[in-house]
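Everything on this sheet refers to the single structure shown next.
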Amino acid sequence: MRVPESARRSSGSSSSDGPSQLLTREIVDFTRSASRQYHRAHTSARDVFVDVYSNALALGVVLMIAVSFVLTLRDELAGRSLGDTDLVAARWQVVPADVVWLVLTCLALVGIMSLARRLGPVTVTRAEGAWWLPLPIGRGRMVLPAFRRRLMASGGIAFLAYVPFSVLTSPDRSPTVHASSALVFGVGAVLAVAGAAILQLRPSASPTPRTWIVLGLVPVALLPFLTATAWPLVLVLITAAVLLAQVIPRVGDVPGVELQRGGAVSGHAAASIFFVDTNELRRALTSPPRHSASRRGRRYYARPTHSAVAALVRADVVAFLRLQPLPIAALTWWGICLGLALLTPALPVVVVLGVVLVAGCSVSAGTGTVARRIAVVAELDTLLPISPFLVRCSRILMPALAMVLWMGALVAVLVGLGAGPASLVLLGVIAGPGMGAGAVRAATRPPTDWSTPPVETPFGPVPQGQAASLLSGTDITVVAMIPILLALYLGAVHPWLLIAQVIASAVAVLVQASAR
-11 MRVPESARRS SGSSSSDGPS QLLTREIVDF TRSASRQYHR AHTSARDVFV DVYSNALALG
49 VVLMIAVSFV LTLRDELAGR SLGDTDLVAA RWQVVPADVV WLVLTCLALV GIMSLARRLG
109 PVTVTRAEGA WWLPLPIGRG RMVLPAFRRR LMASGGIAFL AYVPFSVLTS PDRSPTVHAS
169 SALVFGVGAV LAVAGAAILQ LRPSASPTPR TWIVLGLVPV ALLPFLTATA WPLVLVLITA
229 AVLLAQVIPR VGDVPGVELQ RGGAVSGHAA ASIFFVDTNE LRRALTSPPR HSASRRGRRY
289 YARPTHSAVA ALVRADVVAF LRLQPLPIAA LTWWGICLGL ALLTPALPVV VVLGVVLVAG
349 CSVSAGTGTV ARRIAVVAEL DTLLPISPFL VRCSRILMPA LAMVLWMGAL VAVLVGLGAG
409 PASLVLLGVI AGPGMGAGAV RAATRPPTDW STPPVETPFG PVPQGQAASL LSGTDITVVA
469 MIPILLALYL GAVHPWLLIA QVIASAVAVL VQASAR
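Residue numbers for the sequence shown follow our numbering, so the first one is -11 and each next one is one higher.
Laid out in C-alpha cells, this is it:
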C-alpha cells in the first residue's frame, strides 16, 4: 500500500494549532487499511464462518441457561419454596430491600468506573503506540474509535447484566419497566466509563476528582428504580450526551504514557480471557502497590533470624503486607453478606448462604496476590534450602490468617444477630486456614494444556481438563466452607460439624502443602 503523500511531504508542526487534520486522517486511515488487508489475507471465509457459528451457538446456550435459571429462581423466591427459615433473628431484619438494591447498584457503577480506569479507557495497542505516538500529529482521531467501541460495549454488557438483577429484585414489574431500568443502568455504565476517561486526563492528580465522580454516580444509581415514567431515561440520556460532548473532544489530550499503560493492561486482560486464565486476569487487573507500601513491615523485616524457615516466613509476611491490595473488595463482600442478612422482607437462608459462599471464594482468591507473583518463577522455590512442604506451608500462612479474620468477623456479627450460638465463631475461624490453602492452590495452579485435543461441549470446543484447571483451588475453598455453612443453616453447632470442619481445613492445608 502506498504511503500518503502528505505524510511524506510533511513531518508535522509543533505550533499551538498542531498539524492539519488532513494529515492525521490520512495516517490513521493508512495504518488501519493496511491492518485490515493483512487480516483479510490471513483469514479465510471458512474460519470466519466457523468462529461466528461457534460463538453464536455458545452464546445462545449460555443465554438459555441464564434465562431458565433466573426465571426459576424468581419463582422460588416469590413462593418461598427454598425454605421459610431466616438466617438471623426477625427483630434484626430492618433494612428495606430497596435500600440494599440501591447500594448494590451504586457499587456496580463504582466498580465499572474503577475497572474502566484500570483498563484505560482511552488506550492504544503496542503497535499503535509504536507507530502513532512519536508522530507530531493530533491523537484524537487515533484513539476515538476504540473509545467509542468501549463505551458501547460497556453499555450493552451493563444492560444485559442488569436485566436478571431487575427481574429477581422486582418481580412485580412489567417487562417494559425491566427493559427501561436496564437501559438506564446501561447508560449509567457509559457515564461511569466517561468518568474514568476524565480521570485519565490527569492520572497523577489528587483524589478529589475521583471522589466527585463517585458522588455523581449515586443519583445515577437511583434512576433505575424510578422507571415507572420516562423522565429517568430522558434525564440520564441528556446527562450522558452533555458529559460525552465534554469528554470526546479531549480524548486526544490523554498523555502518551497513560495511553500505553491502558493498552498494555487491556491487552493482557483480553489475552487472559481468550485463554481462560483467571490468574493472568487477576495479574492484569491488580493495580501495582503504592510507593508507601514499601515501608510496611520494615521493622519486622530488619529483625535477625536464626533459621531458614523463619527467614522465609518473615519474607512471606512482609511481601503480603506490601503487595496485597487494600481490602476494599473484602470489606465490600462482607457488607453485602451482612446487608442481605438484615434484609426485609427476609431472603431465604439458602440464598443468603449462597452469597456467603460466593463471597468467601472471591475474597479467598483475592488473598493469593503473593502466591500468583511467585508462581511466575516457581523454580526459585526449589533453590531454597528448605523442605518443599515447609515452603508451601509458609505461602499458606498469611492468606490463612486473612481468611481467619474475615470469616471470624463475619460469623461473629451473624452470631450477634441471632444466627446461632457463639461456638459458630469457632467454626468460622477453623475454616480460615482451609480457605487460605484454597487461595494458594488457585494462585499456583498450572495453566491449561492447549496441546491436548479439545472436547466438544454445548459451549463450544474446550481443552481437556479446562474445567478441572479452573476449579482447582476453588474446590478446596468450597469444601472448607461446607461445615460452617451447614452450621449456619441449622443454627446450631453439633459435635460432628466441629469435627468435620477441623478435618476439612486440615485436609485442605495438607493437600496444598503436599502438592507437587
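Cβ atoms here follow ideal geometry from the backbone N, Cα and C, with glycine treated the same way. On a predicted model such as this, the values are computed, not experimentally measured, just so you know.
Those residues which DSSP pairs with residue i across a bridge
i: Thr332; result: Pro84
i: Pro451; result: Pro442
Cβ pair residue i, residue j closer than 8 Å
i: Arg249; j: Pro277; result: no
i: Pro313; j: Ser275; result: yes
i: Phe173; j: Phe213; result: no
i: Gln500; j: Ala425; result: yes
i: Thr432; j: Ala494; result: no
i: Leu331; j: Val91; result: no
i: Ala180; j: Leu205; result: yes
i: Ala329; j: Leu402; result: yes
i: Pro109; j: Arg138; result: yes
i: Gly479; j: Ala407; result: yes
i: Leu485; j: Leu75; result: no
i: Thr93; j: Ala209; result: yes
i: Ala216; j: Val155; result: no
i: Pro197; j: Pro243; result: no
i: Ile53; j: Leu123; result: no
i: Gly356; j: Val428; result: yes
i: Tyr150; j: Ala170; result: yes
i: Leu247; j: Thr111; result: yes
Rounded separation between residue i and residue j - CA only
i: Ser2; j: Gly126; result: Note on Ser2: pLDDT 39, under 50, position unreliable in the model; no value is reported.
i: Arg62; j: Val175; result: 25 Å
i: Leu107; j: Arg270; result: 12 Å
i: Ile418; j: Val202; result: 38 Å
i: Val351; j: Met423; result: 9 Å
i: Gly516; j: Ser439; result: This structure cannot speak to residue 516, because the chain is shown only from -11 to 504.
i: Ser42; j: Arg79; result: 52 Å
i: Ala492; j: Pro159; result: 39 Å
i: Pro451; j: Ile324; result: 35 Å
i: Val49; j: Ser194; result: 46 Å
i: Val443; j: Ala455; result: 11 Å
i: Val87; j: Gly327; result: 9 Å
i: Asp241; j: Pro133; result: 15 Å
i: Arg286; j: Thr293; result: 14 Å
i: Val297; j: Ala303; result: 10 Å
i: Trp89; j: Ala334; result: 13 Å
i: Gln188; j: Ala503; result: 43 Å
i: Ser457; j: Met469; result: 20 Å
i: Gly183; j: Pro207; result: 14 Å
i: Gln489; j: Ile472; result: 7 Å
i: Trp120; j: Val131; result: 10 Å
i: Asp265; j: Thr462; result: 14 Å
i: Thr19; j: Tyr289; result: 52 Å
i: Ala177; j: Leu95; result: 11 Å
i: Leu459; j: Ala430; result: 8 Å
i: Phe263; j: Arg283; result: 36 Å
i: Ala77; j: Leu405; result: 6 Å
i: Gly255; j: Thr31; result: 21 Å
i: Ala33; j: Tyr26; result: 14 Å
i: Ile487; j: Leu414; result: 12 Å
i: Glu268; j: Ala228; result: 33 Å
i: Trp322; j: Ala347; result: 8 Å
i: Arg361; j: Arg291; result: 25 Å
i: Gly6; j: Arg13; result: Note that Gly6 scores a pLDDT of 47, beneath 50, so its modelled location is shaky; the value from the coordinates is reported in the next line. Approximately 13 Å, taken between the alpha carbons.
i: Ala115; j: Arg105; result: 21 Å
i: Ser102; j: Thr157; result: 25 Å
i: Leu345; j: Gly396; result: 14 Å
i: Val245; j: Phe135; result: 17 Å
Integer-rounded CB distance, given that residue j should sit under 8 Å from residue i
i: Leu412; j: Val481; result: 6 Å
i: Val239; j: Ala185; result: 7 Å
i: Leu372; j: Val379; result: 6 Å
i: Pro421; j: Val497; result: 6 Å
i: Ala257; j: Leu273; result: 6 Å
i: Thr436; j: Gly453; result: 7 Å
i: Ser142; j: Ile100; result: 7 Å
i: Pro163; j: Val58; result: The pair is not a contact, with the Cβ atoms about 13 Å apart (cut-off 8 Å).
i: Leu231; j: Pro220; result: Not quite, the Cβ-Cβ distance comes to about 16 Å (not below 8 Å), so this is no contact.
Looking at C-beta atoms only, is the number of pairs between the region 338 to 352 and the region 318 to 326 that lie closer than 8 Å three or more? yes
- Can you find at least 3 beta carbon pairs, one from the region 335 to 350 and one from the region 373 to 388, that sit closer than 8 Å? no
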